[in-house]
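Data first, discussion second: the structure below is written as structure tokens.
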Amino acid sequence: MFSLLRTNRQKAPAPSRPVLHLSGPRLRAAFESLVEAAEATGGVERYVGALALKASLFEEVLGKGRVHELTEAEFLDLASFITPVRRRIGAWLAHNGFESLHPRLIKLLNGWSDVSTTDQRMATFCAGIPEDREHRWVRDLGAEVLHYTAPHHYPLMTRWVWDARVNTGVLREIWHDDNGVPAGKLHIADDFATFAMLREELESFLGDNGVFRDMPFYVDILCAHVYAGYINDKGGAYLRADFCGQVQEDSMAHTRRLLGLDAVDTESGRTRLKLIDGEAHVLGEQRR
């Protein structure tokens, strides 16, 4: 009997893994473009270092249970580095209060080491908030909190990486299709399994191209540069309101914005996060 039980356990099917048909030529072109474009501002390694600092800030404020003691000022510091969030969070907090958001963050990070509950925790985090244009930043907030608090556990699961509902994102731009970017709908879920598989595929590609460390951040930068190309070349109407600004453009401008690396004026400490009164949040400043 026990032998039979062991046999049955051994034959239990493994969880299904999504199959992603990625284009090698598009990835190589994007990676070569990234290396060339980043050279003028210090090289790709400088962006990797900036993302590592961003992650260290998230881990310092939210990691190891510290999310329970999170203050509103600390949250605003983090939100400043998430582009879609910083554009809308001020008005939302003015009407709903930080005290309504804080428990959601706690539940999102509760049991963070168990990635099998990721989709459930993300759904709980977003539940009860309208799924409309004004609140689409909520998913991006949850995705960046998970990823930058524990970058080796969670891939970046933002809308611009892949949004199945509107069928847009990085995944679509690097999908293998003999006729260019596919015109039809990609029937690929935007769940943890898909994002984890995408990261696995991109890490393999980067390894083949000589990248062997800081993989989570190299993947982030490569993804951002892919989608920045979409915004630059085709207008990116769906996310242009979230990721375009009134600054002089350069070849890495949208890449930086997607990653939130343009958040702070280093001289004044002012961020791009605007509060309900129109004032810019200052990094580290307590609200009165």
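By our numbering, the letter at position 234 of the sequence shown is numbered 248, and the numbering carries on one by one without gaps.
Beta carbons: idealized from backbone N, C-alpha and C, even for Gly.
What you are looking at is a predicted structure, and each value in this text was computed from that prediction instead of being measured.
In the structure shown, the three-state DSSP call for Thr-172 is coil. Annotation for Gly-156: Leu-122, Met-136, Phe-139, Cys-140 place their beta carbon closer than 7 Å to its own, counting only its chain and skipping 5 residues before and after. By the neighbour-count criterion, in which 16 or more other beta carbons inside 10 Å mark a residue as buried, Pro-144 falls on the exposed side. Note on geometry: alpha-carbon atoms of Ile-96 and Pro-39 lie some 30 Å from one another. Selection Phe-219, Glu-214, Ala-203, His-167 evaluated against Gly-183 yields Ala-203 as nearest (Cα-Cα).
Distances from the CA of Leu-200 to each of Val-180, Leu-216, Leu-212 were compared; the closest alpha carbon is that of Val-180. In chain order, Phe-206 place their CB closer than 6 Å to the CB of Thr-132, counting only its own chain and leaving out the 5 sequence neighbours on each side.
Looking only at Glu-59, Val-33, Leu-34, the smallest Cα-Cα distance to Ile-235 is reached by Glu-59.
Taken through DSSP and simplified to helix, strand or coil, Trp-126 comes out as coil. Restricting attention to His-82, Ala-93, Gly-56, Ala-52, the CA atom closest to the CA of Leu-71 is found in Ala-93. Contact between the region 217-234 and the region 148-155 is not established, with fewer than three Cβ pairs separated by less than 8 Å. For Ala-207, the enclosing alpha helix (DSSP H) starts and ends at 206-222. Rounded to the nearest whole angstrom, the CA to CA distance from Tyr-241 to Ser-114 is 32 Å.
A distance below 8 Å separates the beta carbons of Leu-34 and Met-211. Between the alpha carbons of Ile-103 and Ile-188 lies a gap of roughly 31 Å. Taken through DSSP and simplified to helix, strand or coil, Thr-269 comes out as helix.
According to DSSP, Leu-107 shares a beta bridge with no other residue.
The three-state reading of DSSP puts Asp-177 in strand, counting E and B together.
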